[in-house]
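In the numbering used here, the protein residues as written are 149 to 329.
Virtual Cβ for every residue (Gly too), placed ideally from N, Cα, C.
The structure presented is a predicted model; accordingly, all values stated were derived computationally and were not measured.
Beneath this line is the structure, given in structure tokens, with notes to follow.
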């Protein structure tokens with residue numbers, strides 16, 4: 149009655165439909181699970197900044213102000229690891245408005261957490277991985293800097309989810325330029 153080709157086609161179409169339905173259900177369940185768990189608790193403390201004059205990137209050779217700082221982070225990201233979590237991307241963002249009125253968000257530190265046992269962050273007096281550089285080349289008349297610990301949950305199946313782990317209580321002012329590098 150039906151050829152072998154039609155039977156194989158029907159079986160593979162049914163199997164792929166079942167697989168897609170299963171993947172959608174897994175995505176919805178894991179996404180809902182993160183909202184039920186809630187945001188993790190954490191604390192971030194930033195030491196006073198050090199602003200120095202430095203030569204900007206090799207292609208322009210302009211003198212630019214660069215801000216470095218040290219920080220402490222305590223955060224427990226265990227609750228974000230579920231059966232569908234592949235890894236976490238944890239990062240610190242510095243937010244400020246420059247002298248021209250543009251709002252800036254700069255990633256100054258990051259870490260990839262692949263295992264649940266490594267998800268408890270206890271970092272003391274760490275230096276920022278990436279300095280803060282402003283496109284206007286100067287921090288003069290810029291607002292104070294707000295620091296936020298954020299995370300990105302990367303699941304095996306489903307949508308990426310973002311959240312905030314901690315914020316500083318008081319914004320940190322830019323220091324006066326100290327010396328040249």
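Boundaries for residue 278: no beta strand (DSSP E) harbours it, and the DSSP string shows neither H nor E there. The Cβ atoms of residue 295 and residue 260 lie no closer than 8 Å to each other.
Contact between the stretch 283-301 and the stretch 245-252 is present: three or more C-beta pairs spanning the two stretches fall below 8 Å. Put simply, of 253, 198 and 264 the residue whose alpha carbon is nearest the alpha carbon of residue 223 is 264. When DSSP states are grouped into helix, strand and coil, residue 245 belongs to the strand group. Counting of Cβ neighbours within 10 angstroms places residue 304 among the exposed residues, the total staying below 16. Look at the beta carbons and you see the stretch 188-206 not touching the stretch 166-180: under three pairs across the two are nearer than 8 Å. Membership of residue 296 in the beta strand (DSSP E) is indicated by the continuous run 294-303.
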